[in-house]
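Trainee: The structure follows.
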Amino acid sequence: MFRLGLAGFFVILQLLATGLAWSQEVHSDTINRMVAEKLQTILARQGSELRVEEVSYRYSLRLPDGELECVVETGSLSTAGPQSVAVALKVDGQTEKRLRIPVNLKLEFKIPVARNTLQRGQVVSADDLEWRTVSLIRNPADMVRDAAEVLGQATTRRIAPGVPLQGAWFERPLAVERGERVRVVVAQGPGLTIEAMAVALDKGRVGDVIQLRNPDSQMRYEARIAAPGMVRVGTW
53 MFRLGLAGFF VILQLLATGL AWSQEVHSDT INRMVAEKLQ TILARQGSEL RVEEVSYRYS
113 LRLPDGELEC VVETGSLSTA GPQSVAVALK VDGQTEKRLR IPVNLKLEFK IPVARNTLQR
173 GQVVSADDLE WRTVSLIRNP ADMVRDAAEV LGQATTRRIA PGVPLQGAWF ERPLAVERGE
233 RVRVVVAQGP GLTIEAMAVA LDKGRVGDVI QLRNPDSQMR YEARIAAPGM VRVGTW
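Under this note's numbering, think of the first position of the sequence shown as 53, with each following residue one higher.
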């Protein structure tokens, strides 16, 4: 009959204990899901516009049996794109594995976009816009984030619906066209104004100074555009 010595008995107990303890297999899908959820919670708490697009850890791990916890250390995440985060996997509060896990972040914005195609020179109204959530890899420096930036502005190009708007695509609309007959308001003093008609020799926007011609005397002079079809003289 085989006799097991005391030392051998303890070796077997240790092997059995080790085999029982290391009995939890954690698949890569589980790790990726835990990291994504934890990281997204952290970003939301920070008020960040970054969102988790992908977590791509590829290996499964065998860890001790117990309650599994994922701790993510974000460091200074401030840009979108591929990068990595430090992750600690804990079992019953004890750190069992430290990893660097690849993640891919995107920027998510709620921005105004064109509801329908905007033609060049079209003046933008509230009905022309709608709000849409978009995901981008980078934040364009000139991207329009507030509809007030473009309302009442004229487009400088054709704009397709749903495209993030750029500030350079808009300008103040023309208030006076070249050759247009405009109303001239001349300020003479407190409470006293004189009105006349003139022909615009330039086109311009509100605030621009343009050349005018008196249709009777043919005299030329300058005035500042105050509103569509109206200029002022003597107040600037």
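Every residue gets a Cβ at the ideal spot worked out from N, C-alpha and C, and that includes glycine.
Here the structure is a predicted model, which is why all the values come from computation and not from measurement.
When you compare the segment 148-158 with the segment 80-91, are there three or more beta-carbon pairs, one atom per stretch, that lie closer than 8 Å?
Mentor: yes
Trainee: Excluding sequence positions up to five away, which residues of its chain have a Cβ less than 7 Å from the Cβ of residue 41?
Mentor: Residue coverage of the chain in this structure runs from 53 to 288, which leaves residue 41 outside it and unanswerable.
Trainee: Which stretch, first to last residue, makes up the beta strand (DSSP E) that contains residue 263?
Mentor: 261-265
Trainee: Residue 123 lies in the alpha helix (DSSP H); which residues open and close that run?
Mentor: Run containing residue 123: none in the alpha helix (DSSP H); it sits in the beta strand (DSSP E), 120-125.
Trainee: Give me, in chain order, the residues of the same chain whose beta-carbon lies closer than 6 Å to that of residue 53; leave out the 5 immediate sequence neighbours on both sides.
Mentor: Annotation note: pLDDT 43 at residue 53 (below 50); position unreliable, no value reported.
Trainee: Over the uninterrupted beta strand (DSSP E) stretch that includes residue 168, give me the two end residues.
Mentor: Looking at the DSSP string, residue 168 is not in any beta strand (DSSP E), and its letter there is neither H nor E.
Trainee: Just the Cα atoms here: how many angstroms apart are residue 280 and residue 194?
Mentor: 28 Å
Trainee: Going by CA-CA distance only, name the one from 278, 157 and 171 that's closest to residue 258.
Mentor: 278
Trainee: Going by C-alpha to C-alpha distance, which of 233, 213 and 209 sits closest to residue 222?
Mentor: Nearest C-alpha to residue 222: 209.
Trainee: In terms of residues, what are the limits of the beta strand (DSSP E) holding residue 129?
Mentor: It is not in any beta strand (DSSP E) - residue 129 carries neither H nor E in the DSSP assignment.
Trainee: Relative to the C-alpha of residue 76, which candidate in 125, 191, 115 and 101 has its C-alpha closest?
Mentor: 115
Trainee: If you draw a straight line from the alpha carbon of residue 227 to that of residue 173, how long is it in whole angstroms?
Mentor: 12 Å
Trainee: Does the separation of the CB atoms of residue 113 and residue 102 fall below 8 Å?
Mentor: no
Trainee: Using only CA atoms, which one of 191, 165, 283 and 269 lies nearest to residue 263?
Mentor: 283
Trainee: Are the CB atoms of residue 132 and residue 158 nearer to each other than 8 Å?
Mentor: yes
Trainee: Give a yes or no on whether the C-beta atoms belonging to residue 261 and residue 272 are separated by under 8 Å.
Mentor: no
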